[in-house]
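Notes to accompany the following structure.
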Amino acid sequence: MKISIYSEKGGAGKSTLAVALAFAFDLPIIDLDPMQISSSHLRHRDPATLKPGCVVDLPAGVDLAHIKHLTNADLIVIPCRPTWPDLKGLAQTIKYAKAHAGENTKLALFANAISPKSNDITLFAEGAAPYGLSLIHI
Numbered sequence: 303m304k305i306s307i308y309s310e311k312g313g314a315g316k317s318t319l320a321v322a323l324a325f326a327f328d329l330p331i332i333d334l335d336p337m338q339i340s341s342s343h344l345r346h347r348d349p350a351t352l353k354p355g356c357v358v359d360l361p362a363g364v365d366l367a368h369i370k371h372l373t374n375a376d377l378i379v380i381p382c383r384p385t386w387p388d389l390k391g392l393a394q395t396i397k398y399a400k401a402h403a404g405e406n407t408k409l410a411l412f413a414n415a416i417s418p419k420s421n422d423i424t425l426f427a428e429g430a431a432p433y434g435l436s437l438i439h440i
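Each residue of the sequence shown is one higher than the last, beginning at 303 in my numbering.
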């Protein structure tokens, strides 16, 4: 399984999500983010225990050199926080990911930092619904 973590916005939680998914599914990380946050966690893992596949931590923004990681992914996860800048850029991120996703690639929105006492889940659901995306809520 190849999971690509993508958002055009910086600070959306891409690297944190990439590390969490890599550890949860025993997958290696391909860290393409210039900050190299995800790869710093690789030294804590035994390569012999990793399963086939990978989690790709893509950098913020649009980089044509990284399109293949969207096209070849089994799943593209778009992390987003319930803040105006994140939600404002969500539509463009979704459009770009869908435009470059492979024929069988699935897309999901990962809504992080959701407060059960707020309407965050409603905001995310409304933001994801027009695009037919699943909302991953833990």
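Note that the Cβ used here is the ideal one computed from N, Cα and C, for glycine as well.
Exercise. At what residue ranges does the segment 319–363 contain a whole run of the beta strand (DSSP E), taking only runs of 3 or more?
Worked result: 331–333, 356–359
Problem set entry | Three-state secondary structure assigned by DSSP to K390 | The sequence position of residue 390 within the sequence shown is 88, counting from 1. Of the three classes helix, strand and coil, the one that applies to K390 here is helix, per DSSP.
Problem set entry | Local Cβ density within 10 Å of E310, reported as buried at 16 or more and exposed below that | Here residue 310 refers to the residue found at position 8 when the sequence shown is read from its first residue. Result: buried.
For this session: Give the straight-line distance between the Cα atoms of M303 and K408, rounded to the nearest whole angstrom.
Result: Your numbering for residue 303 matches position 1 in the sequence shown. Your numbering for residue 408 matches position 106 in the sequence shown. Cα-Cα distance, rounded: 12 angstroms.
Exercise. By Cβ distance, which residues of its chain are closer than 8 angstroms to I351, with the 5 residues on each side in sequence left out?
Worked result: Here residue 351 refers to the residue found at position 49 of the sequence shown. The sequence as given places Thr at residue 351; Ile does not occur at that position. Around T351: D328.
For this session: Measure how close the beta-carbons of G312 and A362 come, nearest whole angstrom, since I'm counting them as under 8 angstroms.
Result: Here residue 312 is taken as the residue at index 10 of the sequence shown, counted from 1. Here residue 362 is taken as the residue at index 60 of the sequence shown, counted from 1. The pair is a contact, with the Cβ atoms about 4 angstroms apart (cut-off 8 angstroms).
Problem set entry | Closest Cα partner of F248 within the set S340, W386, G355, L392 | The displayed coordinates of the chain run from 303 to 440. Any statement about residue 248 would go beyond what the structure contains.
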